[in-house]
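For what it's worth, our numbering labels the leading residue of the sequence shown as 784, then goes sequentially.
By construction, the Cβ of each residue, glycine as well, lies at the ideal position given by its N, Cα and C atoms.
As the structure is a computational prediction, the values presented were derived from the model and not from experiment.
Notes follow the structure.
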Amino acid sequence: MPIRILGISAYYHDSAACLVEDGCIVAAAQEERFTRRKHDARFPARAVDYCLREAGITAKDLDHVGFYEKPLVKFDRLLETYAACAPRGWKSYLMAMPLWLSEKLWMSDDIRERLDGYEGEVSFGEHHESHAASAFYPSPFEQAAIVTMDGVGEWTTSSIGVGRGSEIEMLRELRFPHSLGLLYSAFTYYTGFRVNSGEYKVMGLAPYGEPKYVKTIKDHLVEIRDDGSLWMNMAYFTYPYGLTMTGGRFDALFGGPPREPETKLTQREMDLARSIQDITEEVMLKMTAFAHRETGLRDLCLAGGVALNCVGNGRILREGAFEQIWIQPAAGDAGGAVGVAMSLWHRYLGKPRVSCEAAGTWERPRRAAERVDPAFAPSALRRTSPPKYADGMSGAFLGPRFDEAAIRSFLDVHGYPATRVDASALADLVAGYMADEKVVGLLQGRMEFGPRALGGRSIIGDARSPKMQSVMNLKIKFRESFRPFAPAVLREHVAEWFELDEDSPYMLLVADVLPSRRLPVPAEANTLWGIEKLNVPRSTVPAITHVDYSARIQTVRRETNPLYYDIIDRFYRRTGCPVIVNTSFNVRGEPIVCTPEDAFRCFMRTNMDVLVLENFVLVKSEQTPLADDESWKKEFVLD
């Protein structure tokens, strides 16, 4: 019988579950996708149910269960911190303790109770070791340096390790309260965005500003050492004991209180974003350079929330000493579920790494019960010899998929007009819609694991359209107008459009648009202020070109996602452009869609033109409007 291991991440943010079978990742998903509660931190009950259903098992069939960190060690850190800061932090202490005393300290019992029928032990990994395992074990490297960076785990905030075969050795660590992730989150809070979810907005805002506060940050807030470690002046931060990230001294240093959320952005916020982004990139470059000196290895694996900073990742690839880098697509806490499950397989059970796609060709038939309820029917698992670029994350397509029977049933029950299109014609039809500047919602194949939509749950459009960026931001995503969109590009053509000739399947690398693809910027554009700059076309693909000519690139191979590749390929054949816009299928404040029902609701309550549910195509003009459109929009605009 195969050995089945369940990994769980929960109780901080982005809770998730992952199922590993004989060393291969069978399924992984975040709880938010099922509950529709963004960054859901509760126990991932529905994600666990999905993973078990995907494997066709119940909890009693599990051999091992792991949790991604050590609650008792984290509790020790909290108590020490509160004691050191007393009497400050009393309110924060009173808010935190009930949950710890009622749930978190009894995690083993809680997990076993929720996993009805599981009779084994619950193992606990260390937070950053789980990150390290999630980065190295699914990577295509036999040996590599490993760097993890985030806010904080138990005590560790960053770590350097090395992976060889099935072994991982942790070499160095940086400890709380000195943390690159928490430093960035402090500026996220101060510029008016939500901590643990708005950091990528700060990264997107940075190109509008100037690094005028870099010296101030270095003089007062942080000392950056040559090895990438840092020391933070905690007189300016309140996060160890307070309910906010920064306090009065921070306000005085930067000329006023934090920006109120949803108020107008000013040049100050843009300059602050640029300054902390520059600081972050400097630390990332120094830390990874030190990892290279310590390990002498040519390849690098990254994980932890800071590894989602794709601008910094791009600089590591271009300017760093490593030949190749691989970044865990679910680099944040959700990926810890992958890491602890893989650690149990390799480090606890002592099993060797396997090439999951090369383990023979097989398909598990569905059970009768699964055919009755096709909504979350298991995917047909096939294993074939992988190409050289393949990794163990299966393109991050590890979530549920919905077969034709499930889609047809959904449409028939509700009476939604739709046309079934043969697979041979579907890609060309969708490409035609995009060439006519239509915006298409795409639900096909398995749902992505991690924060990025990669063609399974995406909204796509014409990157050549000057109006596409503003249309998608304001009329479809209902989000801030300054935020750029990402390009999806055929892998074989990426070097013809961007300063990159590497695989970037997970949209975690930023590179510039080639000078030959740029457009001259009118002189009057230099007088524009801040966000107004984005309205000036800067390349032949303006919808995905940021104000500094950068783009967060996703390269697409047919082997990983055939329909998505074919759509872009047909668009290329029609237009001569192998680049499209790809953004996540959701609106502001809502998780990426999971089910056909989620997708239809989002489609109808935005200005998308076309919805593709596997082989079924729905056109907006043929649908009956939903009654609560306006109230739904207001809910998310104000989020």
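Checklist line | Collapsed DSSP secondary structure at S949 in the structure displayed | finding: coil
Notebook entry, point to check: Taking contact to mean at least 3 C-beta pairs separated by less than 8 Å, is the stretch 1242-1256 in contact with the stretch 1325-1333?
Noted result: yes
Check: When the distance is taken between beta carbons, is G1238 closer than 7 Å to P921?
Finding: no
Checklist line | Best match in R787, R825, E815 for proximity to A838 [C-alpha to C-alpha] | finding: R787
Margin query: Taking a contact to mean a Cβ-Cβ separation below 7 Å, would you say S941 touches M932 in this structure?
Written below: yes
Margin query: Cutting at 8 Å between CB atoms, please list the residues of its own chain near V1204, excluding the five before and the five after it.
Written below: L1212, N1398, F1399, V1400
Margin query: With three or more C-beta pairs closer than 8 Å as the rule, is the stretch 891-905 touching the stretch 1101-1119?
Written below: no
Item checked: Straight-line Cα distance separating G1025 from M1015 -> 17 Å
Next item on the list: Figure out for me which residue from R829, R955, A1056, T1407 has the closest Cα to the Cα of I1000.
Entry: A1056
Check: N1256: buried (16+ other C-beta within 10 angstroms of its C-beta) or exposed?
Finding: buried
Check: Does the distance from the C-beta atom of L1302 to that of P1361 stay below 7 Å?
Finding: no
Notebook entry, point to check: With a CB to CB cut of under 8 Å and the five nearest residues on each side skipped, what residues in its chain are close to P1305?
Noted result: V1319
Margin query: At the level of alpha carbons, what is the spacing between A811 and L1132?
Written below: 21 Å
Next item on the list: Take the Cβ of D1002 as the centre, count every other Cβ of all protein chains shown within 10 Å, and call the residue buried at 16 or more, exposed below.
Entry: exposed
Checklist line | Proximity winner among Q1107, R1356, R895, T1378, relative to G1287 (alpha-carbon distances) | finding: This sequence places Ser at residue 1287; Gly is not what is there. Among Q1107, R1356, R895, T1378, the Cα nearest to that of S1287 belongs to Q1107.
Next item on the list: Check the C-beta distance from A824 over to A799 and give it rounded, since I have them as a contact under 8 Å.
Entry: Their Cβ separation, rounded to whole angstroms, is 10 Å, which puts A824 and A799 out of contact at 8 Å.
Margin query: Using C-beta distances below 7 Å, list every residue in its chain close to Y972, excluding the 5 sequence neighbours before and after it, in chain order.
Written below: V978, T1027, M1028, T1029, P1041
Item checked: Counted within 10 angstroms of its Cβ, other Cβ atoms place K821 as buried (16 or more) or exposed -> buried
Check: Can you give the beta carbon distance from F1268 to T1366, rounded, assuming they're within the 8 Å contact cut?
Finding: 5 Å
Check: Should L965 and G936 be called a contact, given that it needs their Cβ atoms to be closer than 7 Å?
Finding: no
Checklist line | Contacting residues, own chain, Cβ-Cβ under 8 Å from C1093 (five flanking each side not counted) | finding: M986, M1290, L1291, L1292, V1293, R1335
Note to self: What does the Cβ neighbour count give for P1044, buried or exposed, with the cut at 16 atoms within 10 Å?
What the structure shows: exposed
Item checked: Same chain only: Cβ atoms within 7 Å of E1282, ignoring 5 sequence neighbours per side -> A1294, D1295, L1297
Checklist line | C-alpha distance - T1144 paired with S1177, whole-angstrom precision | finding: Low local confidence applies: a pLDDT of 29 at T1144 is under 50, so the model's placement there is unreliable, and no value is given.
Next item on the list: Return yes when the Cβ of A1210 is within less than 7 Å of the Cβ of I1350, no when it is not.
Entry: yes
Margin query: Tell me which residues share the same chain as L789 and place their Cβ nearer than 6 Å to its Cβ, disregarding the 5 neighbours each side in the sequence.
Written below: L802, L845, V848
Note to self: If you reduce the DSSP assignment to three classes, tell me which class F1033 lands in.
What the structure shows: helix
Check: Residues in its own chain within less than 6 Å of T1202 by CB, not counting five upstream and five downstream?
Finding: V1400
Check: Between E1220, N1369, R1388, which lies nearest to E1410 when the distance is taken from Cα to Cα?
Finding: Inspection of the sequence shows that residue 1410 is occupied by Ala rather than by Glu. Among E1220, N1369, R1388, the Cα nearest to that of A1410 belongs to R1388.
Check: So, using beta-carbon positions, are E1424 and P1183 closer together than 7 Å?
Finding: In the structure as shown, the chain starts at 784 and stops at 1422, and residue 1424 therefore has no counterpart that could be examined.
Notebook entry, point to check: Going by DSSP, what residues sit across from W1014 in a beta bridge?
Noted result: E1006
Check: Taking S1138 as the reference, which of P785, H796, D805 has the closest Cα?
Finding: D805
Next item on the list: Could you pull the start and end residues of the alpha helix (DSSP H) that E1064 belongs to?
Entry: 1050-1078
Margin query: With the cut-off set at 7 Å, would you say L1080 and A928 are in Cβ contact?
Written below: yes
Notebook entry, point to check: In angstroms, rounded to a whole number, what distance separates the CA positions of F817 and V1370?
Noted result: 16 Å
Notebook entry, point to check: Hey, V997 and D1061: beta-carbon distance below 7 Å or not?
Noted result: yes
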